[in-house]
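Take a look at the structure set out below.
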DNA sequence: CACTCATATCGAACTAATACAATATGAAGC
DNA sequence: GCTTCATATTGTATTAGTTCGATATGAGTG
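Protein chains in written order, with this note's numbering: chain A, 183 to 310; chain Y, 183 to 310.
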């Protein structure tokens, strides 16, 4: 429960770097300085995990033109109700959609313009 | 092998729409008109699938400052060589990174500025 | 208040993704 | 041509994600 707890590095392959750099000490220091920022990764990960599913991409694409209730999305996906509800929950928990309850209906909409931007960028990315 | 082959819709839940719309015929037509565009989804999906992994996000984050060879990334991730190589392959196949071989080393870099834009947008998206 | 309807949640079977040891490949140097 | 070294691939055990029937919830209605 003290510092014995802090992740002990495998450290395999560090000798490789000793050979790679002219000045290993400096090279390794510079490398470790460019290590990924953990809070950033932990913010991005849930977003991309939610986007990594064809049906959920179809849902978001369908919601570009405005809000839709669950029963509409069910017809659009041509999937069972429980499946659609589960996907919508995943999207909501990732902050990609918001919902508005009206009577027995639950209307979903894209949470933010940035969501559409991400979707568009993914397309642009493969257009080159 | 004729039109019997074309995906037969489940069609469950369409009566729900008959109740939902004032003018069912028109409402359903409008709904189906907003069905997701399949080529778009098939373009987006491989990108987000490749991004939906913490180690791969760490790799991309590390490559923001310029190219790195496999052995450097192995140290950065503190993961076995085969694991890192597999992730790099996934990123390359999704078109997110490019590589340049020099002697026994293989240097990886981010394929396009749009990749960084996607990563940044995912962060911005959760910042509100 | 019993019934219907839209949606949510649960549970269990199924499928896809990941980790990583073992092994293969291919470039450099001797 | 043998050896070393960086990287790639493969095989398999494990883990994570998905699907969807069954069931629960909760709003509206007669």
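Glycine included, every Cβ here is placed at the ideal spot set by N, Cα and C. The structure displayed is predicted, hence computed values, not measured ones.
Under 8 Å by beta carbon: chain Y residues contacting residue i
i	result
residue 274 of chain A	Neighbours of residue 274 of chain A on chain Y: none; closest Cβ ~13 Å, over 8 Å.
Contact check, residue i vs residue j, beta carbons under 8 Å
i	j	result
residue 304 of chain Y	residue 229 of chain Y	no
residue 251 of chain Y	residue 289 of chain Y	yes
residue 259 of chain Y	residue 240 of chain Y	yes
residue 243 of chain A	residue 261 of chain A	no
residue 293 of chain A	residue 278 of chain A	yes
residue 248 of chain A	residue 291 of chain A	yes
residue 307 of chain A	residue 297 of chain Y	yes
residue 257 of chain A	residue 202 of chain Y	no
residue 300 of chain A	residue 266 of chain Y	no
residue 234 of chain Y	residue 234 of chain A	yes
Amino acids of chain Y, ordered along the chain, whose beta-carbon sits closer than 7 Å to that of residue i
i	result
residue 269 of chain A	Simply none; closest approach about 12 Å.
residue 236 of chain A	223 and 227
residue 240 of chain A	218 and 223
C-beta neighbour in chain Y for residue i, strict 8 Å
i	result
residue 188 of chain A	With a pLDDT of 47 at residue 188 of chain A, under the threshold of 50, the modelled position of that residue is not reliable, and the figure given next carries that caveat. It does not: the Cβ of residue 188 of chain A has no partner Cβ on chain Y nearer than 8 Å.
residue 247 of chain A	yes
residue 217 of chain A	yes
residue 254 of chain A	yes
residue 198 of chain A	yes
Own chain partners of residue i with C-beta closer than 6 Å, once the 5 adjacent residues on each side are dropped
i	result
residue 179 of chain A	Because chain A spans 183 through 310 in this model, residue 179 of chain A falls outside it and cannot be assessed.
residue 282 of chain A	289
Residue-level contact to chain A via CB, residue i, 8 Å cutoff
i	result
residue 222 of chain Y	yes
residue 244 of chain Y	yes
residue 285 of chain Y	no
residue 294 of chain Y	yes
residue 291 of chain Y	no
residue 282 of chain Y	no
Cross-chain neighbours of residue i in chain A, by beta carbon under 8 Å
i	result
residue 211 of chain Y	Result: empty, since nearest Cβ-Cβ is about 12 Å, beyond 8 Å.
Interface partners of residue i on chain A, CB under 7 Å
i	result
residue 299 of chain Y	303
residue 231 of chain Y	234
Close-in-space but distant-in-sequence residues of the same chain around residue i (CB under 7 Å, 5 per side omitted)
i	result
residue 284 of chain A	none
Neighbour list for residue i in chain A, Cβ cutoff strictly below 9 Å
i	result
residue 279 of chain Y	Near residue 279 of chain Y there are no residues of chain A at all, since even the closest Cβ is about 12 Å away, more than 9 Å.
Spatial neighbours of residue i in its chain, beta-carbon cut-off 8 Å, leaving aside the 5 residues before and after
i	result
residue 207 of chain Y	none
residue 295 of chain A	none
residue 287 of chain A	251, 252 and 253
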